[in-house]
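Q: Below are the structure tokens for one structure; questions will follow.
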Amino acid sequence: MKIASKSLDFSWISMLFLVLTAGSMIFVFFRKEMLYFAFFLFSTLFFIKNLYKRELIIFLKLTILFLSFLIINFLFASTSQSLQKLFANIVIFTTSIFSAMYYYRNENKKLFIDHLYFVLKLILIHSLISFFIYPLIKPFIFEISNSRYDCYTFLNLFFYLKNTHSLSVVGIDFVRNQGIFWEPGVLQIFLNLLLFIIAFIKKKKGLLFWITVLAILTTFSTTGLVVMFIQLLLSFGSEVKKNIFFLPFTILSIFLLYNITKKNISDKLHGSGQYSFQARLFDLVQPFYMVSQNPMTGVGLDDEKFIKIRQNPSFSLSLKTIDFTNVKEKGSTNSIMFFLAAAGIPFTLLILLMLYFQNFIIEKRKWFFIFIFISLMTEPIMLRPFFLTFVMSGGIYLFNKFRWKIY
Numbered sequence: 010m011k012i013a014s015k016s017l018d019f020s021w022i023s024m025l026f027l028v029l030t031a032g033s034m035i036f037v038f039f040r041k042e043m044l045y046f047a048f049f050l051f052s053t054l055f056f057i058k059n060l061y062k063r064e065l066i067i068f069l070k071l072t073i074l075f076l077s078f079l080i081i082n083f084l085f086a087s088t089s090q091s092l093q094k095l096f097a098n099i100v101i102f103t104t105s106i107f108s109a110m111y112y113y114r115n116e117n118k119k120l121f122i123d124h125l126y127f128v129l130k131l132i133l134i135h136s137l138i139s140f141f142i143y144p145l146i147k148p149f150i151f152e153i154s155n156s157r158y159d160c161y162t163f164l165n166l167f168f169y170l171k172n173t174h175s176l177s178v179v180g181i182d183f184v185r186n187q188g189i190f191w192e193p194g195v196l197q198i199f200l201n202l203l204l205f206i207i208a209f210i211k212k213k214k215g216l217l218f219w220i221t222v223l224a225i226l227t228t229f230s231t232t233g234l235v236v237m238f239i240q241l242l243l244s245f246g247s248e249v250k251k252n253i254f255f256l257p258f259t260i261l262s263i264f265l266l267y268n269i270t271k272k273n274i275s276d277k278l279h280g281s282g283q284y285s286f287q288a289r290l291f292d293l294v295q296p297f298y299m300v301s302q303n304p305m306t307g308v309g310l311d312d313e314k315f316i317k318i319r320q321n322p323s324f325s326l327s328l329k330t331i332d333f334t335n336v337k338e339k340g341s342t343n344s345i346m347f348f349l350a351a352a353g354i355p356f357t358l359l360i361l362l363m364l365y366f367q368n369f370i371i372e373k374r375k376w377f378f379i380f381i382f383i384s385l386m387t388e389p390i391m392l393r394p395f396f397l398t399f400v401m402s403g404g405i406y407l408f409n410k411f412r413w414k415i416y
């Protein structure tokens, strides 16, 4: 795992801050500061170099397109929206446009993968230290919180959810691994992204590959295990085609990981994790009721107003233990369904179309889209500059493909 070679080259710092906007603990506690810093960082990186006419035209097109959608959503939402929330969303979308335009340049396009790969390895190392050091630092952790979130920490370096699942190995207690992120489900997305890069872009099956698999297992995330299992099937399948002698090892590895994944899914459906599954099912189904009444513009992207709107009796569902007392004062865990209900069908289709045509990762493009789609369906992370950067790259690609010849 080569880290030192990049130690004197700090150009990857911009990618680090982009990743940190996607649900890191720094973002949780310093959201505004992180957003403004990312905005000024990528706007500076974009404008510091002389701009080509076509580059500036695409930037203006993307900005006008998304500002139009955001303003229409603000004006025609079913309830009054906060100007502060609108401004925050404008900052998020414009930051994403700046970052996508910066990394889309020919000299930077390869750097996107290189920088992301390096940052993800740092996240991997931190997450493993965080997981295995827990038994030693457990007596010294303390609680930190804000109005929306609380957890335990050790020196603000390692973080652990309150009341999370634990695992005891020979009398030593471990808890779910969330790394630098607010929830293990977010960490698994980045670890699976690292696994994707290793398996399908770098095409390596060395120590780093298996360490990443181990780290994903420590998140105890059902979605993470399912995504990892599919990636291993795809990866090992290509290896077997090249070398039939790899088949026995492939079968053994997949069998072991299948049983771990199956047990985790069973727990979510029938065991102690049943409520988590039902809550996610609620977040999947309820937005259909909401969008049916506001199909074009949604109920509004103001997340605080969304929480109140979803408690409306007309959107009520009965899913065994789930009722509105369970979801009171809670947002949606499903980014895509939240966006569908909040922003309407046209805006959501535009986002998904551009995400499909993202142009930063072209290897296994269809699987990458499915992987990100699944991730967005299970975590409230879509309206983050990191993920929207992929969306904006798809917008750049489409504008380039269908541009008028005079450009």
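Take 10 as the starting number for the sequence shown in my numbering and just add one per residue. Every residue gets a Cβ at the ideal spot worked out from N, C-alpha and C, and that includes glycine. As the structure is a prediction and not an experimental result, all values here were calculated from the model.
Less than 8 Å between the C-beta atoms of M401 and I80, yes or no?
A: Within the sequence shown, numbered from 1, the residue matching residue 401 stands at position 392. Within the sequence shown, numbered from 1, the residue matching residue 80 stands at position 71. Contact: no.
Q: Taking Cβ to Cβ, would you say I186 is nearer than 8 Å to T228?
A: For the purposes of this step, residue 186 is identified with residue 177 of the sequence shown, where counting begins at 1. For the purposes of this step, residue 228 is identified with residue 219 of the sequence shown, where counting begins at 1. The sequence as given places Asn at residue 186; Ile does not occur at that position. Yes, Cβ-Cβ distance for N186 and T228 is below 8 Å.
Q: DSSP puts I153 in a beta bridge; with which residues?
A: For the purposes of this step, residue 153 is taken as residue 144 along the sequence shown, with counting starting at 1. For I153, which the question treats as bridged, DSSP gives the partners C160.
Q: From the DSSP output, read off the bridge partner residues of I57.
A: The residue given as residue 57 occupies position 48 in the sequence shown. Per DSSP, none; premise fails for I57.
Q: Quick check: the region 124-139 against the region 39-58, are at least 3 beta-carbon pairs closer than 8 Å?
A: Counting Cβ pairs under 8 Å, fewer than three are found: no touch.
Q: According to DSSP, which residues form a beta bridge with I181?
A: As a working mapping, residue 181 is identified with position 172 in the sequence shown. Its beta-bridge partners are V178.
Q: Let me know the secondary structure DSSP gives F411 once reduced to three states.
A: Working through the sequence shown from its first residue, we reach residue 411 at position 402. F411: coil per DSSP, three-state reduction.
Q: What is the rounded straight-line gap between the Cα of F218 and the Cα of F238?
A: Here the question's residue 218 lines up with position 209 in the sequence shown. Here the question's residue 238 lines up with position 229 in the sequence shown. Roughly 13 Å between the two C-alpha positions.
Q: Quick check: the Cα distance between R319 and F127, rounded to an integer number of angstroms?
A: In the sequence shown, residue 319 corresponds to position 310, counting from 1. In the sequence shown, residue 127 corresponds to position 118, counting from 1. Their Cα atoms are separated by approximately 40 Å.
Q: How big is the Cα-Cα spacing for N155 and S33?
A: Counting from one through the sequence shown, the residue named residue 155 turns up at place 146. Counting from one through the sequence shown, the residue named residue 33 turns up at place 24. Their Cα atoms are separated by approximately 14 Å.
Q: Can I405 and A31 be called in contact, C-beta distance under 8 Å?
A: Looking up residue 405 in the sequence shown gives position 396. Looking up residue 31 in the sequence shown gives position 22. It is not a contact, given that the beta carbons lie outside the stated cut-off.
Q: Can you give me the Cβ contacts of F149 inside the same chain, cut-off strictly under 7 Å, excluding the 5 residues immediately before and after it?
A: Here the question's residue 149 lines up with position 140 in the sequence shown. Correct list, in chain order: F163.
Q: What would DSSP say about S91, mapped onto helix, strand or coil?
A: Working through the sequence shown from its first residue, we reach residue 91 at position 82. Coil.
Q: Could you check whether the Cβ of N303 sits closer than 8 Å to any Cβ belonging to chain B?
A: Checking the listed chains, one finds no chain B in this structure; it contains a single protein chain.
Q: Alpha carbons only, please: which of I22, L223 and F102 is nearest the one belonging to L44?
A: Stepping through the sequence shown from its first residue, residue 44 is reached at position 35. Comparing Cα-Cα distances from L44 to each of I22, L223 and F102, the minimum goes to F102.
Q: Determine, using beta-carbon pairs with one atom in the region 68-86 and one in the region 306-314, whether at least three such pairs fall under 8 Å.
A: The region 68-86 vs the region 306-314: in contact.
Q: Should D311 go down as buried or exposed, given a rule of 16 or more other Cβ atoms within 10 Å for buried?
A: By 1-based counting over the sequence shown, the position of residue 311 is 302. Looking at its Cβ environment, which holds 16 or more other Cβ atoms inside 10 Å, D311 is buried.
Q: Compute the beta-carbon to beta-carbon distance between P394 and T104, rounded to the nearest angstrom, for a pair I have assumed lies under 8 Å.
A: As a first step, residue 394 must be located in the sequence shown, where it is residue number 385. As a first step, residue 104 must be located in the sequence shown, where it is residue number 95. Their Cβ separation, rounded to whole angstroms, is 5 Å, which keeps P394 and T104 in contact under 8 Å.
Q: How about I383 and V195: do their beta carbons lie closer than 8 Å?
A: Your numbering for residue 383 matches position 374 in the sequence shown. Your numbering for residue 195 matches position 186 in the sequence shown. No. Outside cutoff.
Q: Under the DSSP definition of a beta bridge, which residues are partnered with F190?
A: Residue mapping note: residue 190 aligns to position 181 of the sequence shown, counting from 1. Note: F190 sits in a beta bridge opposite S33.
Q: Considering only their Cβ atoms, is the gap separating F19 from L29 smaller than 8 Å?
A: As a working mapping, residue 29 is identified with position 20 in the sequence shown. As a working mapping, residue 19 is identified with position 10 in the sequence shown. The answer is no: Cβ separation not under 8 Å.
Q: For the alpha helix (DSSP H) containing L392, name the first residue and the last one.
A: Walking along the sequence shown from the start, residue 392 turns up at place 383. Taken as a continuous stretch (DSSP letters only), L392 belongs to no alpha helix (DSSP H), as it is neither H nor E.
Q: Whole angstroms is fine: what's the gap from I345's alpha carbon to I99's?
A: Here residue 345 is taken as the residue at index 336 of the sequence shown, counted from 1. Here residue 99 is taken as the residue at index 90 of the sequence shown, counted from 1. Rounded to the nearest angstrom, the two C-alpha atoms are 18 Å apart.
Q: Apart from the five residues just before and just after I354, which ones in its own chain have a Cβ nearer than 6 Å to its Cβ?
A: Along the sequence shown, one-based indexing puts residue 354 at 345. Closer than 6 Å at Cβ, skipping near neighbours: P304.
Q: Identify whether I75 lies in helix, strand or coil by the three-state DSSP scheme.
A: Locating residue 75 in the sequence shown gives position 66, where the first residue counts as 1. Just to set this straight, residue 75 is Phe in the shown sequence, not Ile. F75: helix per DSSP, three-state reduction.
Q: Where does F229 fall in DSSP's three states?
A: For the purposes of this step, residue 229 is identified with residue 220 of the sequence shown, where counting begins at 1. Note: F229 maps to coil in three-state DSSP.
Q: Can you give me the C-alpha to C-alpha distance between L120 and Y112, rounded to a whole angstrom?
A: Here the question's residue 120 lines up with position 111 in the sequence shown. Here the question's residue 112 lines up with position 103 in the sequence shown. Between L120 and Y112, the C-alpha separation is close to 7 Å.
Q: Taking the alpha carbon of Y61 as the point to measure from, which residue in N115, M24, S77 and V178 has its own alpha carbon closest?
A: Taking the sequence shown and counting its residues from 1, the one referred to as residue 61 is at position 52. With distances taken between Cα atoms, Y61 lies closest to N115.
Q: From K414 to F408, what distance separates their C-alpha atoms?
A: One-based indexing of the sequence shown puts residue 414 at position 405. One-based indexing of the sequence shown puts residue 408 at position 399. Interpretation of K414 is limited by its pLDDT of 44, a score under 50 that renders its predicted location unreliable; no figure is taken from the coordinates.
Q: Over what stretch of residues does the beta strand (DSSP E) that includes F168 continue unbroken?
A: The residue given as residue 168 occupies position 159 in the sequence shown. Residues F167 to L170.
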